[in-house]
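Undergrad: Below is the structure I would like to discuss, written out as structure tokens.
In this note's numbering, the protein residues as written are 2 to 175.
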């Protein structure tokens, strides 16, 4: 990303419990993930321990991490998800979420590029897609810059903060 910092994606580890807890229990996250209740540390610990296989459960969750060159120390800054994976159709839904202090720094676009590379080269994905609330201009910009096309608007698709909101469907073929 920068001269002395690199980004990589890696599997969830037990020490990621605090990151997962913070992201999954943020009401702001609930607005985009459709979650409606907090998760306990116990449940999240079980989730991490399960180490789910994308072919078995249709989901792959990876930690987005920054590392200074020449250092083993890394900083976890968010999560990159492939969900609704279908090997037959070679497609999956993509999601990127960053901790608030790492937003607006071009990390989302770089993480998306890394996730695309993994999806295409390792999972043989042909199509990735994302559901983006119309009010989420930052996400729409990231996906547009990455070559995704807006292909549909789903009216009143998402209930957020007491009102329904349209969601746009964005996709990209590889």
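Cβ atoms here follow ideal geometry from the backbone N, Cα and C, with glycine treated the same way.
Assuming residue 67 contacts residue 75 (C-beta within less than 8 Å), just tell me the rounded distance between them.
TA: 6 Å
Undergrad: Beta-carbon separation of residue 10 and residue 49 under 8 Å?
TA: In terms of Cβ geometry, residue 10 and residue 49 do not form a close pair [threshold 8 Å].
Undergrad: May I have the straight-line CA-CA distance separating residue 111 from residue 157, to the nearest angstrom?
TA: 30 Å
Undergrad: Can you grab the Cα-Cα spacing for the pair residue 28 / residue 118, in whole Å?
TA: 30 Å
Undergrad: I need the boundaries of the alpha helix (DSSP H) containing residue 121, first residue and last residue.
TA: 108–122
Undergrad: Expressed to the nearest angstrom, what Euclidean distance is found between the alpha-carbon atoms of residue 143 and residue 126?
TA: Their Cα atoms are separated by approximately 20 Å.
Undergrad: Would DSSP call residue 40 helix, strand or coil?
TA: coil
Undergrad: Is the region 80–91 touching the region 102–116, taking contact as three or more C-beta pairs under 8 Å?
TA: yes
Undergrad: Going by alpha carbons, who is nearest to residue 161 out of 25, 36, 102, 7?
TA: 36
Undergrad: Which same chain residues, not among the five before or five after residue 131, have their C-beta less than 8 Å away from its C-beta?
TA: 94, 95, 96, 140, 144, 149, 170, 171, 172
Undergrad: I'd like to confirm the pairing. Which residues does DSSP put opposite residue 148 in its beta bridges?
TA: For residue 148, which the question treats as bridged, DSSP gives no partner whatsoever.
Undergrad: What residue ranges within the region 33–97 form continuous alpha helix (DSSP H) runs of no fewer than 4 residues, ordered along the chain?
TA: 42–51, 55–58
Undergrad: Could you tell me which residues DSSP puts in a beta bridge with residue 133?
TA: Answer is 169.
Undergrad: First and last residue of the alpha helix (DSSP H) that includes residue 10?
TA: No alpha helix (DSSP H) holds residue 10; the beta strand (DSSP E) holding it covers 6–12.
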